[in-house]
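Colleague: The numbering of the sequence shown is our numbering, which starts it at 12 and goes up by one.
Sharing a structure here in structure tokens format.
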Amino acid sequence: MSTRIVLITGGGGVGKTTLSAGLALAAARRGHRTLVVTIDPAKRLATALGLDDLGADPTPLVEEPLLWGAMVDAARSWNEIAQHYAPPEVAPRLTSNPFFEAATQHFPASQAFAAAEEMTVHAQSERWDVIVVDTPPAAGGIEFFTSPARMRDLIGGRLLKWLTGGSLPGRKLFYQFTARPALRIADVALGSELLEAVADFLLDLRAAYDGIAKRSKEIERLLRSAHTVVVTTADPSPIAEAARFFELEPGPPEFVVFNRTLPEAWYGAESPVSGPIAENLRRWGTEAHRQAAVRHRFSARWHIHPATIPWQSSAPTDLERLAAMIDSAEGLDLDRLLGAAR
């Protein structure tokens, strides 16, 4: 049986990590060997699972024999990507180049691609029935889906070809025949040693193109088969990020989840008390009405039936509260998302 991939995406601060942990727990308790993966360095996933720490290697939960957690180490992932997909003579030189580290840390899609690579490695290992991925929040999660194509564009794109020449030259010929005016200017401004390090990086990156391009297409195939959940709240910025998913991605997500939802029944409810408490309850009712209106507009615009998770005073930090959060969700079909219980 193939591994089921569940992608939790959305803007920052909407509760993606907590929902990822809750869904992974639900999958494990339904009898599926489950891994939940995050790239969030703030340790929110570890906190939600009741763990002190998480590393790049899957950590089993003692209390849940079918559940593991892991945090993507982007630097380690990129070193492994280079070792696996660059030519053997190129990989050590590429990973030791300081510009490689800078590019893999600061290029906008690099962390997303590292997370997608880790997801693919785990899926192809066939150790798990379900893998839940807490995707990076950049660009509302869209970057995770576009990162394979963006990496191909970076490594095989016109700028890199323009700098290194149409075909890969030898290193000596690089300076003599294919160096462009921009590189000659850089030679004067930066010095020959620094320029040589830049040139080595560009040439080695070009040499890794075939392997990384092939891998990126494997990742894209896995992404197309994944089950996607877009998480949002009723606030303007997360709603705009959720809308971007519909605008930029070719297909609708499996579910849209409105987190931290107040009951519609609070609006217009009679208060049993008066004074400041009654005024406070009225404000809560007004907010519940505003949230409901946002959900209805979003549903009508994108032709969906969103799921909801009630507001909680604090995020769950133990397994039973995580389970209770998932149990409280309305409109979230776990059989459809996680597979039937065993």
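Virtual Cβ for every residue (Gly too), placed ideally from N, Cα, C.
Just confirm the distance between the C-beta atoms of A120 and S88, as a whole number of angstroms; I'd bet it's less than 8 Å.
Modeller: Between S88 and A120 the Cβ distance is about 13 Å, and since that is not below 8 Å, they are no contact.
Colleague: Would you mind listing the beta strand (DSSP E) stretches within the region 100-154 that are 3+ residues and don't spill past its ends, in chain order?
Modeller: 141-145
Colleague: Does the region 242-261 come close enough to the region 38-52 that 3 or more CB-CB pairs lie under 8 Å?
Modeller: no
Colleague: Once you ignore the five residues that flank E229 on each side, which residues in its own chain have a CB closer than 8 Å to its CB?
Modeller: Excluding positions up to five away in sequence, the list reads T131.
Colleague: Near T29, what residues of its chain come up, given a Cβ to Cβ distance below 8 Å and the 5 sequence neighbours on each side ignored?
Modeller: R55, A59, A326, P327, L333, M336
Colleague: Please specify which runs of the alpha helix (DSSP H), each continuous and at least 4 residues long, are wholly inside the region 280-350, giving them in chain order.
Modeller: 287-313, 330-339, 345-349
Colleague: Using the Cα positions of I16 and S285, report the straight-line distance between them to the nearest angstrom.
Modeller: 51 Å
Colleague: Got a sec, what are the start and stop residues for the beta strand (DSSP E) A224 sits in?
Modeller: Looking at the DSSP string, A224 is not in any beta strand (DSSP E); the run it does join, the alpha helix (DSSP H), is 220-235.
Colleague: Over the uninterrupted alpha helix (DSSP H) stretch that includes T28, give me the two end residues.
Modeller: 27-40
Colleague: With a Cβ-Cβ cutoff of 8 Å, do V83 and P249 count as a contact?
Modeller: no
Colleague: DSSP beta-bridge partners for V209?
Modeller: Its beta-bridge partners do not exist; DSSP assigns none.
Colleague: Would you call the CB atoms of V240 and V268 closer than 8 Å?
Modeller: yes
Colleague: In whole angstroms, give me the CA-to-CA distance for A134 and W322.
Modeller: 33 Å
Colleague: What's the call for N108, buried or exposed, on a 16-neighbour Cβ count within 10 Å?
Modeller: Around the beta-carbon of N108, 16 or more other beta-carbon atoms lie within 10 Å, marking it buried.
Colleague: If I142 sits next to V48, beta carbons under 8 Å apart, how far is it from one beta carbon to the other, in whole angstroms?
Modeller: 7 Å
Colleague: Ignore the nearest five residues each way along the sequence and tell me which others in A67's own chain have a CB closer than 7 Å to its CB.
Modeller: Once the five neighbours on either side are set aside, the close Cβ partners of A67 are A81, M82, V83, D84, R87.
Colleague: Taking the straight line between their C-alpha atoms, what separation do you get for A97 and R217?
Modeller: 9 Å
Colleague: Using only the alpha-carbon positions, how far apart do L165 and A210 sit?
Modeller: 15 Å
Colleague: Would you call the CB atoms of Q122 and I50 closer than 8 Å?
Modeller: yes
Colleague: Quick check on the burial criterion: 16 or more other C-beta atoms within 10 angstroms. Buried or exposed for S236?
Modeller: exposed
Colleague: If you drop the 5 nearest sequence neighbours on each side, which residues of the same chain put their C-beta closer than 8 Å to that of R182?
Modeller: Bear in mind that the predicted position of R182 carries a pLDDT of just 49, short of 50, making it too unreliable to give a figure here.
Colleague: Could you check how far apart the C-beta atoms of H316 and S324 are, in whole angstroms? I think they sit under 8 Å.
Modeller: In fact, because the Cβ distance is near 27 Å, the residues do not count as touching under 8 Å.
Colleague: Once DSSP output is grouped into helix, strand and coil, what is the label at R5?
Modeller: Summary: the structure shown does not reach residue 5, with the chain confined to residues 12 through 353, and so no result is reported for it.
Colleague: Based on DSSP bridge pairs, tell me the residues matched to A81.
Modeller: V48
Colleague: To the nearest angstrom, how far is it from the Cα of L330 to the Cα of G33?
Modeller: 8 Å
Colleague: Can you list, in chain order, the residues of its chain with a C-beta nearer than 8 Å to that of A318? Leave out the 5 residues immediately preceding and following it.
Modeller: Around A318, the same chain offers F266, V267, V268, F269, A340, E341, G342, L343 as residues with beta carbons nearer than 8 Å, after the five sequence neighbours per side are excluded.
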